[in-house]
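See structure below.
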Amino acid sequence: MFRWSRKTVLIAAGTLLAIGAAGYGAWMFAVRQAWIRYNKYDRREEGTIRVGDYAPNLALAGYDGATVRLGSLWKEKPLVLVFGSCT
231 MFRWSRKTVL IAAGTLLAIG AAGYGAWMFA VRQAWIRYNK YDRREEGTIR VGDYAPNLAL
291 AGYDGATVRL GSLWKEKPLV LVFGSCT
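Those letters in the sequence shown? Residues 231 to 317, by the numbering used here.
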């Protein structure tokens, strides 16, 4: 009966771990670059808005459920928009 040596098993496990880590790193890089979607809710797209452009006058849902237009928020004073994820 053939038995794998400890050295052979460790080398094989290390190789598989390295290949898996490289694959995961490549996948995460592709997701960050938006080459592939993270999941079905990921809607990032290359757009036409650039740094310094005015923000579009979007209708957004407020924390209380009411609809708020961005244009109404920056009428009288500057508005800072911060987009991010809490996860």
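Backbone N, C-alpha and C define an ideal beta-carbon position, used for all residues, glycine too. Nothing here was measured: the structure is a model prediction, and the numbers come from that model.
- Message: Only counting the same chain, and skipping five residues up and downstream in sequence, which positions put a Cβ closer than 7 Å to that of Ala-260?
- Response: Excluding residues up to 5 positions away in sequence, Ile-266 lie with their Cβ nearer than 7 Å to the Cβ of Ala-260 in the same chain.
- Cβ-Cβ separation, Leu-288 to Leu-303 (assumed contact under 8 Å), whole Å: That pair is no contact at about 10 Å.
- What residue range is occupied by the uninterrupted alpha helix (DSSP H) comprising Ala-252? 236-262
- Among Ile-241, Tyr-268, Ala-242, which residue has its Cα nearest to the Cα of Tyr-254? Tyr-268
- Message: Since Val-281 and Leu-290 should fall inside the 8 Å C-beta cutoff, what is the C-beta to C-beta distance between them, to a whole number of angstroms?
- Response: 21 Å between Cβ atoms; not a contact.
- Task: Identify whether Leu-288 lies in helix, strand or coil by the three-state DSSP scheme.
- Result: coil
- Task: Hey, could you find the ends of the alpha helix (DSSP H) Leu-303 is sitting in?
- Result: 300-303
- Item | Best match in Leu-311, Lys-270, Ala-256, Ser-315 for proximity to Asp-283 [C-alpha to C-alpha] | Leu-311
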